[in-house]
Amino acid sequence: MLTLIRNSERLMNMIKEKTSKYLSTDLRQVKLTESIVKDLIIECGLPISLVDQDGFNSFMATVDPMYSLLTRRQITRDKLPKLHDRMTMKLKALCNNAEYVSVTLDKKLVRLITDNASNNLKAFNHILLPCFESYFENDEYDNEEYDLTQDENDDCEEISDDNSDDKFQLVPLDENIIQCVSENLELLCLPCFAYTLQLVVNDGIKHASNANAALAKVAKIAKFSHSSILFAEELENLKKTIPRATKCRWNSQFLTVVAVSDIPLKTLNDVLIKLDKKELCITEKNKEVLDELLALLYLFNEATVLTQADQTVTISMVGPILLNLLSDLELERKKSERVYLMCDALISSLKTRFGGFYKHFSIETDNCKVKINTNANTSCLYGDPIFLMSAVVDGRFKFQWINDCTLLSDVTKTNIISTIKQCLIEASIKLNSQNKFDNADVEIITEEARSDDSNIPTSDKEKKKNIFPTLASVSFKKAKVDNATPKSFLDELDGFLKEDNMTHNFIFKNASSYQSLYHLARKIMCAPATSALIERVFSQSGLLMRPHRSKFSQVNICILTSLKCNKTLL
């Protein structure tokens with residue numbers, strides 16, 4: 003009798019447990035499922051097999067015992083494809099409403115921004131500051147440390163039955179796109195500005211042998227700070243930190259040198275002596291060399307950071323940056339005593355790699371003191387007038403960047419300003435003949451949504467030089483807008499140049515007063531200065547393609563990458 007009662011209780015418990023789960027349409031079930039897929043799988047990049055693990059099942063039972071658990075098959079064949087379809091529809095709607103874009107969509111192509119490297123390590127593996135090789139010794143992951151047998155078949159149920167080793171295939175271009183490119187007489191392909199700039203830095207550091215002794219000490223000090231608890235505690239007491247450098251970003255190494263250089267010389271040496279590292283002490287001569295080297299590279303770092311922003315216009319920065327870099331290097335060359343060869347190399351590399359741009363300003367590019375060997379010369383590509391026109395229609399620069407340049411004579415300034423005005427007029431006429439104006443709204447990026455300048459040393463922002471000195475000393479004024487529509491494009495341009503407002507989106511905020519200039523600005527300012535935006539997409543794929551996901555299907559990689567990068571549309 004007792005046994006029968008117990009069996010009945012067990013049966014009732016099983017029935018109760020079976021019937022106490024949420025239905026698939028219950029709000030709580032839907033919310034938890036969305037959170038698992040969006041927050042854990044997409045945002046955090048956790049493996050899809052997470053839902054099959056006992057630990058996760060136990061966790062969800064604690065969170066909500068009534069939740070009906072998902073399976074991998076449900077996620078990969080139902081949840082992710084539906085999310086991807088929904089996101090794609092929203093993305094297509096945004097692109098259809100855009101007047102111009104900087105990617106190949108239908109007949110809206112403006113410019114292609116490219117570099118010639120397959121990945122960050124391939125592009126920048128050899129761009130290391132002198133003597134920083136020792137810093138990266140034993141710093142890479144050993145592939146043997148990964149247990150490839152663990153979860154080897156993660157997500158592998160979605161692999162195509164045709165061939166698990168299939169490769170990504172090239173998709174034929176649409177005929178409309180090919181026709182658009184062939185009919186467009188404008189120069190479509192532009193190199194990645196940040197990549198070209200880093201090649202210039204690489205050319206320069208090859209001639210920085212005078213700084214080897216100082217940089218070798220800095221590299222060892224930085225590595226010591228990351229391996230010694232005692233040294234780290236001493237730095238913490240001084241309220242100092244030394245950031246970790248990476249191989250694929252030269253400016254991360256630059257920031258490491260800046261951090262070491264910012265520590266008072268006597269204080270740093272006292273700490274090193276205290277920790278029995280007297281051989282790493284920085285001498286006065288070392289400090290002078292480091293200061294000169296940092297002065298040469300400071301604006302390169304600032305330019306690299308600013309032009310890789312994704313929430314503000316960047317193509318308009320290229321022209322002012324190139325003029326200011328050359329002006330600054332010519333000035334530093336007169337003061338440099340220890341790393342002047344590096345300065346000569348940087349100047350020569352700028353003129354060689356950006357020669358097409360400098361020729362607009364009658365700057366001699368053939369009198370280089372250092373010969374720069376380039377397999378793929380990008381000089382002519384930087385002769386594209388988009389670098390001139392975009393800066394002028396940007397309220398931050400207008401023609402001020404030309405008028406302030408100390409390298410140019412008054413005659414040259416007058417001639418180039420006249421040339422740019424003519425380019426703008428011709429571009430506007432061509433645009434008006436191809437398109438009818440409409441009143442489509444555009445998203446306005448506010449001044450608060452500026453590029454992240456976290457890689458610009460905070461301690462140096464006030465005391466160091468600035469890539470845009472005019473902007474650093476000017477406060478924005480509220481513009482007085484004339485609501486009357488200008489009669490001609492030249493009238494609009496003259497009225498715009500007289501405005502006191504110095505914000506990059508001034509034209510977009512005052513489209514009704516500058517209609518022709520507004521439509522031209524929408525076209526030429528949509529192109530980015532660098533390929534950093536798409537490289538961030540590749541980075542997201544790299545985070546997903548971990549070693550234990552060796553059989554992760556390409557379909558799931560593409561879907562998850564797309565959802566991760568467009569999560570705001572979910």
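Going by the working numbering, the first residue of the sequence shown is number 3, and it counts up by one from there. Cβ atoms here follow ideal geometry from the backbone N, Cα and C, with glycine treated the same way. This one's a predicted model, so the numbers in the text were calculated from it and none came from an experiment.
By the Cβ neighbour-count rule, R75 is exposed, with fewer than 16 other Cβ atoms within 10 Å of its own. Ranking V53, L270, K40 by CA distance to the CA of L85 puts K40 first.
In the structure shown, R246 adopts coil according to DSSP, grouped into three states. Secondary structure at R398: coil, using DSSP grouped into helix, strand and coil. Remark: three or more beta-carbon pairs, one from each stretch, lie closer than 8 angstroms, so the segment 209-225 and the segment 278-285 are flagged as touching. For F134, the closest C-alpha among the options I349, S51, T258 is that of T258. Excluding sequence positions up to five before and after R335, its CB lies within less than 6 angstroms of the CB of C345, all in the same chain and listed in chain order.
When the beta-carbon positions are compared, I388 and I526 come within less than 8 angstroms of each other. If you draw a straight line from the Cα of D56 to the Cα of S70, it is about 14 angstroms long.
For Y300, the closest C-alpha among the options K353, F470, H521 is that of F470. Per DSSP, the continuous beta strand (DSSP E) segment holding P193 begins and ends at 191-193.
The straight-line gap separating the alpha-carbon atoms of S338 and L433 is approximately 48 angstroms.
Check the Cα spacing between K81 and each of L130, S26, P67: the tightest is with S26. Under the DSSP assignment, Q556 falls in the alpha helix (DSSP H) whose first and last residues are 556-567. For R251, DSSP records a beta bridge to T248.
Collapsing the DSSP output to three states places Q424 in a helix. Between T309 and A393, the gap from beta carbon to beta carbon reaches 8 angstroms or more. DSSP places G497 in the uninterrupted alpha helix (DSSP H) bounded by 491-499. Taking the CA atoms as reference points, N417 sits about 11 angstroms from Q424. Excluding the 5 residues flanking it on each side, N271 has same chain C-beta neighbours closer than 7 angstroms at C283, I284, in chain order. Scanning the segment 296-368 from its first residue to its last, the whole alpha helix (DSSP H) runs of 4-plus residues come out as 320-337, 342-355, 357-360.
Around the CB of A95, fewer than 16 other CB atoms lie within 10 Å, so the residue is classed as exposed. In the three-state reduction of the DSSP assignment, P83 falls in the helix class, which pools H, G and I. For the options G397, L565, P193, L93, the alpha carbon positioned closest to that of D502 is the one of G397.
According to the DSSP assignment, S229 belongs to the alpha helix (DSSP H) that extends over 214-229.
In this structure, the CA atom of D66 is about 40 angstroms from the CA atom of Q313.
For T78, no alpha helix (DSSP H) segment is defined, and its DSSP state is neither H nor E. In this structure, the CA atom of A234 is about 17 angstroms from the CA atom of L267. R538 counts as exposed, since fewer than 16 other beta carbons sit within 10 angstroms of its beta carbon.
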